[in-house]
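In my numbering, the protein residues as written are 4 to 520.
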């Protein structure tokens, strides 16, 4: 039904040709309507073949390709070809072929270049421009579809990477807990061993203490086995948290390495505040460590400020670096994929806190965490991976590409039109000298001469139009006009042919009848 409606719409201009049209135009329209039906039927499978049908019909009607009957068919089928054709090269070859076919038709049959310029303009605005719009529509749909597919795939991959990073961070946390708890169990076993040999204890008490020491040793072994199960990847990174390290020592080492870093504390543990759980202390250490690492990687030479602010039952840890100095750039070897922040978010989450990281209004970067200072806050669920998703970036990239295609849709016809105007200007300057008939040659022409012999002696190009006021030739005659002298349009030679012979010749002047000879 859609094809029938389209065919009917494209045939409307052709049906208008029946109203008072000459016999040849009626015949052309009668042939064109069924051919347009075939073109509409082929538009999906062979879109360029379908477009060739109205092109051929338009050329059969007018050498300059511009016709009222087929303007709509050319535009619509060109647009549909842009939507359907996958590769642009085939369409470009088609357009070049049309321009190449029209050129000899205009030169050989009309002996004039101006119809060719009209044909090229028609090709540009009536065929190429709709094709570019269809091409834009196709690429828009393809880019959006591909962009979403890529974004979805990358989101799944990034989610998997984030999950692996969280597991590694949990393994490191387990290692840290093993170090701390193992140390405490070792001290327990040591004290139990001392009591086991204490002569002041009764034999049954020393036996019980011995069992306690053996149980502490067995607990240590079991803890080691559990940690081994958690470390599913033998190549997992070792824990980054020395058991006896502190934030102050970490900052001092960074400063000794050349980093411009300062530490400010207010009410934090160790400065009059409440003591924090071990998980919280280690999370604070990791936040500062990751913030300093990011500053070293991405803003070398920029000053860094570490702030520990205790307020009530929470501790705010903030690491802020200024923008990198002009002329500096992060080393390509140090650029990471953001997994450090994913793992840090997991550690802070397991400690009952919240993490945020992002650029500052001044152009720097900030890593901040809020952690409980007493007990243990409820642990949040794993962070929403949409923060690390690339879906929006992929969609924005697809939109940018579509906008570039839209600019090309406007720029390409504009550039071609400008080039064609320049070519037409050059041709307008030099063509008058190509259509001047030598007076001696004109005098040698005789009425009754064979047309072929006469045309062999004439300039290749003729004038586009005769001088103003020149009457139309009588029926059955074909008249051609040649320049009397270069760059004048008030006087011209007129040569009229009929039945293959030169029947009249003369000089016509503006608003004058030809003087027949």
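Even for Gly, the Cβ is constructed at its ideal location relative to N, Cα and C. Computed from a predicted structure; not experimentally measured.
(message) Rounded to the nearest angstrom, what separates residue 12 and residue 137 at their Cα positions?
(response) Translated into positions along the chain shown, residue 12 becomes position 9. Translated into positions along the chain shown, residue 137 becomes position 134. Approximately 19 Å between the Cα atoms of the pair.
(request) Could you work out which residue in 264, 344, 209 and 329 is closest to residue 165 when comparing CA atoms only? (result) Looking up residue 165 in the chain shown gives position 162. Nearest option by C-alpha distance: 344.
(request) Check residue 256 in the structure and name its three-state DSSP category. (result) Taking the first residue of the chain shown as position 1, residue 256 is located at position 253. In this structure, residue 256 counts as helix in the three-state DSSP scheme.
(message) What residue range does the beta strand (DSSP E) around residue 265 cover?
(response) Your numbering for residue 265 matches position 262 in the chain shown. Element bounds for residue 265: 264-269.
(message) Any contact between the region 247-264 and the region 131-150? By contact I mean 3 or more CB pairs, one from each, below 8 Å.
(response) no
(request) Go through its chain and collect everything with a Cβ distance to residue 201's Cβ below 6 Å, but skip five positions before and after it. (result) Here residue 201 is taken as the residue at index 198 of the chain shown, counted from 1. Around residue 201: no qualifying Cβ.
(message) Let's see if you can read the secondary structure: which residues bound the alpha helix (DSSP H) around residue 74?
(response) Position 71 of the chain shown, counting from 1, holds the residue named residue 74. Element bounds for residue 74: 74-87.
(request) For residue 313, write down the residues that DSSP places opposite it in a beta bridge. (result) Here the question's residue 313 lines up with position 310 in the chain shown. Per DSSP, 318.
(request) Starting from the C-beta of residue 388, find all residues in its chain whose C-beta is less than 8 Å away, skip the five residues before and the five after it, and write them out in chain order. (result) As a position in the chain shown, residue 388 is number 385, starting the count at 1. A caution first: residue 388 carries a pLDDT of 44, below 50, which makes its placement in the model unreliable, though a value can still be read off. Excluding positions up to five away in sequence, the list reads 158, 161, 162 and 165.
(request) Would you mind sorting residue 60 into buried or exposed? The rule is 16 or more other CB atoms within 10 Å of its CB. (result) Within the chain shown, the letter at position 57 stands for residue 60. Buried is the call here.
(request) Would you give the residue range spanned by the alpha helix (DSSP H) that residue 108 belongs to? (result) Locating residue 108 in the chain shown gives position 105, where the first residue counts as 1. Careful: residue 108 lies outside any alpha helix (DSSP H) and carries neither H nor E.
(message) If contacts are defined as beta-carbon pairs under 8 Å, then residue 484 and residue 465 qualify, I think. What distance do you get, rounded to the angstrom?
(response) Translated into the one-based positions of the chain shown, residue 484 becomes position 481. Translated into the one-based positions of the chain shown, residue 465 becomes position 462. That pair is a contact at about 6 Å.
(request) Take the Cβ of residue 365 as the centre, count every other Cβ of all protein chains shown within 10 Å, and call the residue buried at 16 or more, exposed below. (result) Locating residue 365 in the chain shown gives position 362, counting from the first residue. Burial call: exposed.
(message) For residue 335 and residue 301, I'd like the C-alpha separation in whole angstroms.
(response) Position 332 of the chain shown, counted from the first residue, corresponds to residue 335. Position 298 of the chain shown, counted from the first residue, corresponds to residue 301. Here the model assigns residue 335 a pLDDT of 41, short of 50, so the residue's position is not dependable, and the following value carries that caveat. Going by the C-alpha atoms only, they are around 10 Å apart.
(message) Excluding the 5 residues flanking residue 100 on each side, which residues of the same chain have their C-beta closer than 7 Å to its C-beta?
(response) One-based indexing of the chain shown puts residue 100 at position 97. Excluding positions up to five away in sequence, the list is empty.
(message) Checking the sheet assignment: what are the DSSP bridge partners for residue 359?
(response) Within the chain shown, the letter at position 356 stands for residue 359. Answer is 371, bridged to residue 359.
(request) May I ask which residues mark the beginning and end of the beta strand (DSSP E) holding residue 483? (result) Indexing the chain shown from 1 puts residue 483 at position 480. Start and end: 481-486.
(message) Do residue 253 and residue 292 have their beta-carbon atoms positioned less than 8 Å apart in this structure?
(response) On the chain shown, residue 292 is found 289 positions in, with the first residue counted as 1. On the chain shown, residue 253 is found 250 positions in, with the first residue counted as 1. The answer is yes: Cβ separation under 8 Å.
(message) Among 367, 67 and 85, whose alpha-carbon lies nearest the alpha-carbon of residue 119?
(response) Position 116 of the chain shown, counted from the first residue, corresponds to residue 119. Checked all of 367, 67 and 85; the closest Cα to residue 119 is 67.
(message) In whole angstroms, give me the CA-to-CA distance for residue 286 and residue 156.
(response) Residue numbering aside, residue 286 sits at position 283 when the chain shown is read from its first letter. Residue numbering aside, residue 156 sits at position 153 when the chain shown is read from its first letter. Distance between the alpha carbons of residue 286 and residue 156: 32 Å.
(message) With DSSP as the reference, identify every bridge partner of residue 1, one or two as the case may be.
(response) Nothing about residue 1 can be read from this structure; the chain reaches only from 4 to 520.
(request) Could you have a look at residue 40 and say whether DSSP puts it in helix, strand or coil? (result) Counting from one through the chain shown, the residue named residue 40 turns up at place 37. Residue state, collapsed to three classes: helix.
(message) Tell me which residues share the same chain as residue 282 and place their Cβ nearer than 6 Å to its Cβ, disregarding the 5 neighbours each side in the sequence.
(response) The sequence position of residue 282 within the chain shown is 279, counting from 1. Same-chain partners within the cutoff: 354.
(request) Report the option in 289, 208, 85 and 107 whose CA atom is closest to the CA atom of residue 62. (result) Against the chain shown, residue 62 aligns to sequence position 59. Minimum Cα distance to residue 62 is reached at 107.
(message) Can you find the residues in the same chain that come closer than 8 Å, C-beta to C-beta, to residue 47, ignoring five residues on each side of it along the sequence?
(response) Counted from its first residue, the chain shown places residue 47 at position 44. Cβ within range, chain order: 87.
(message) Rounding to the nearest angstrom, what Cα-Cα distance links residue 17 and residue 44 in this structure?
(response) In the chain shown, residue 17 corresponds to position 14, counting from 1. In the chain shown, residue 44 corresponds to position 41, counting from 1. C-alpha separation (whole angstroms): 18 Å.
(request) Round the Cβ separation of residue 357 and residue 373 to the nearest angstrom and send it over; I've been treating them as touching at under 8 Å. (result) Sequence index remark: in the chain shown, residue 357 carries index 354 (1-based). Sequence index remark: in the chain shown, residue 373 carries index 370 (1-based). Indeed, because the Cβ distance is near 5 Å, the residues count as touching under 8 Å.
(message) Within the continuous beta strand (DSSP E) that includes residue 497, where are the two ends?
(response) Within the chain shown, the letter at position 494 stands for residue 497. Counting along the chain, the beta strand (DSSP E) containing residue 497 begins and ends at 494-501.
(request) Could you pull out every residue in the same chain whose Cβ sits closer than 6 Å to the Cβ of residue 198, ignoring the five residues on either side in sequence? (result) The residue labelled residue 198 in the question sits at position 195 within the chain shown. For residue 198, where only same-chain residues beyond five positions count, the Cβ hits under 6 Å are 212.
(request) Report the rounded CA-to-CA distance for residue 196 versus residue 225, giving the unit in angstroms. (result) As a position in the chain shown, residue 196 is number 193, starting the count at 1. As a position in the chain shown, residue 225 is number 222, starting the count at 1. Approximately 20 Å, taken between the alpha carbons.
(message) In whole angstroms, give me the CA-to-CA distance for residue 369 and residue 79.
(response) Taking the first residue of the chain shown as 1, we reach residue 369 at position 366. Taking the first residue of the chain shown as 1, we reach residue 79 at position 76. Those two C-alpha atoms are separated by around 56 Å.
(request) State the Cα-Cα distance for the pair residue 102 and residue 122, rounded to the nearest angstrom. (result) In the chain shown, counting from the first residue as 1, residue 102 sits at position 99. In the chain shown, counting from the first residue as 1, residue 122 sits at position 119. Near 8 Å, if we compare the C-alpha coordinates of residue 122 and residue 102.
(request) To the nearest angstrom, report how far apart residue 503 and residue 440 are at their CA atoms. (result) Locating residue 503 in the chain shown gives position 500, where the first residue counts as 1. Locating residue 440 in the chain shown gives position 437, where the first residue counts as 1. So the alpha carbons of these two residues sit roughly 20 Å apart.
(message) Please report the distance separating the alpha-carbon of residue 263 from that of residue 367.
(response) Sequence index remark: in the chain shown, residue 263 carries index 260 (1-based). Sequence index remark: in the chain shown, residue 367 carries index 364 (1-based). Their Cα atoms are separated by approximately 14 Å.
(request) Rounded to whole angstroms, what's the CA-CA distance from residue 455 to residue 487? Just pull it up for me. (result) Taking the chain shown and counting its residues from 1, the one referred to as residue 455 is at position 452. Taking the chain shown and counting its residues from 1, the one referred to as residue 487 is at position 484. Straight-line Cα distance between these residues: approximately 22 Å.
(request) Could you work out which residue in 171, 105 and 346 is closest to residue 125 when comparing CA atoms only? (result) Counted from its first residue, the chain shown places residue 125 at position 122. Here the closest residue by C-alpha is 105.
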